[in-house]
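Following my numbering, the numbering of the sequence shown begins with 140 at its first residue and continues without gaps.
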Amino acid sequence: MPHLTSARAGAATTGVRTAFGIPGYAHPLLAPAQWAELTRPGIPLHWVALDVAGGPGSRPDPHCLAAAGRLRNAGVRVLGRLDTAYGARPHGDLITDAHRYHDWYRVDGFLLDRCPTDRTALPGVRRTVAALRTVGDEPHVVLGHGTHPHPGYAENADQLVTFAGPWTDYRWSQVAEWTADYPPDRFCHFVHSVPRGHLDEALRIARWQGAATIYFTDRTDRGGRVDPWETMPGYWDDIVSRVGTGVSE
Numbered sequence: 140m141p142h143l144t145s146a147r148a149g150a151a152t153t154g155v156r157t158a159f160g161i162p163g164y165a166h167p168l169l170a171p172a173q174w175a176e177l178t179r180p181g182i183p184l185h186w187v188a189l190d191v192a193g194g195p196g197s198r199p200d201p202h203c204l205a206a207a208g209r210l211r212n213a214g215v216r217v218l219g220r221l222d223t224a225y226g227a228r229p230h231g232d233l234i235t236d237a238h239r240y241h242d243w244y245r246v247d248g249f250l251l252d253r254c255p256t257d258r259t260a261l262p263g264v265r266r267t268v269a270a271l272r273t274v275g276d277e278p279h280v281v282l283g284h285g286t287h288p289h290p291g292y293a294e295n296a297d298q299l300v301t302f303a304g305p306w307t308d309y310r311w312s313q314v315a316e317w318t319a320d321y322p323p324d325r326f327c328h329f330v331h332s333v334p335r336g337h338l339d340e341a342l343r344i345a346r347w348q349g350a351a352t353i354y355f356t357d358r359t360d361r362g363g364r365v366d367p368w369e370t371m372p373g374y375w376d377d378i379v380s381r382v383g384t385g386v387s388e
């Protein structure tokens, strides 16, 4: 296990722009206003993940096609969400789904959700990422670990999700020392159940731990029964104004 430390030296002076990574809202048919909001000029976005039906689905979905098209026309990077099932998903299935995402929705890359973290799974993930690099034009690949993985994973993707979980864990979290070898634009933090009054504190934690791509929400997982990322936070306008004005830099 990598050594952990409470702060990341130098992260506050990098000048890297903090912006949102959207882990995946509900289907555009169920949340049209939220998808439309993401195309509003001035929203600080690094990327948006698209999950049609636990993957790309079995056929093109016109609602997802329209939503993805509007985002891409607005200059927003769209990623297809692929569930690796912590390494249990067959390589061939992942690549088939990746091609469907690209062929049907013209995605700009992929979010490998529930990505394994241990060293033994690294060769399999490396093989998958190498295959994904051939799908489309220079696809952006994000490994969705949700915690700090073995440092070898950092050499195989554009970004790593090194935290995904509740505020009660995040506010006391520590960063792996090896992450100091990489710039903040290599790391993502997704935090749910963040009270409005703690937004500034959460942004400071992301800054000092060196994560430039973030998503904070007051939505909860209700004890693991619901997906906290499916709906926009109640303080969306507030956090957009804070991140958009560089308050977290």
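In this text, a Cβ means the ideal position worked out from N, Cα and C, and glycines have one as well.
Among all the DSSP beta bridges, which residues are the ones paired with residue i?
i, result
"residue 331", "305"
"residue 353", "159, 328"
"residue 252", "222, 283"
"residue 382", "Its beta-bridge partners do not exist; DSSP assigns none."
"residue 169", "Per DSSP, none; premise fails for residue 169."
"residue 298", "281"
Are the Cβ atoms of residue i and residue j separated by less than 8 Å?
i, j, result
"residue 291", "residue 253", "no"
"residue 331", "residue 359", "yes"
"residue 213", "residue 235", "no"
"residue 183", "residue 159", "yes"
"residue 195", "residue 266", "no"
"residue 156", "residue 188", "no"
"residue 281", "residue 251", "yes"
"residue 139", "residue 315", "Only positions 140 to 388 of the chain appear in the structure, and residue 139 is not among them; the question remains open."
"residue 298", "residue 352", "yes"
"residue 247", "residue 218", "yes"
"residue 338", "residue 374", "yes"
"residue 323", "residue 350", "yes"
"residue 382", "residue 356", "no"
At which residues does the alpha helix (DSSP H) containing residue i begin and terminate?
i, result
"residue 219", "No alpha helix (DSSP H) contains residue 219, which is instead part of the beta strand (DSSP E) from 217-222."
"residue 187", "Where residue 187 is concerned, there is no enclosing alpha helix (DSSP H), although the beta strand (DSSP E) it sits in stretches over 184-189."
"residue 340", "338-348"
"residue 212", "201-212"
"residue 319", "That residue, residue 319, is in no alpha helix (DSSP H); it is neither H nor E in DSSP."
"residue 266", "261-271"
"residue 237", "230-244"
With distances taken Cα to Cα, identify the nearest neighbour of residue i among the options.
i, options, result
"residue 363", "299, 289, 303", "303"
"residue 232", "256, 206, 271, 216", "271"
"residue 325", "369, 311, 279, 242", "279"
"residue 169", "335, 349, 190", "190"
"residue 244", "295, 205, 192", "205"
"residue 209", "352, 171, 193", "171"
"residue 344", "228, 308, 175, 176", "308"
"residue 361", "317, 310, 305, 355", "305"
Looking at residue i and the ligand NAD, is the gap between the Cβ and the nearest heavy atom below 7 Å?
i, result
"residue 234", "Looking for the ligand NAD in the displayed structure turns up nothing, as the structure carries no ligands at all."
**OP:** Pair every Cβ in the stretch 220-235 with every Cβ in the stretch 199-206, then say whether three or more of these pairs are closer than 8 Å.
**Re:** no
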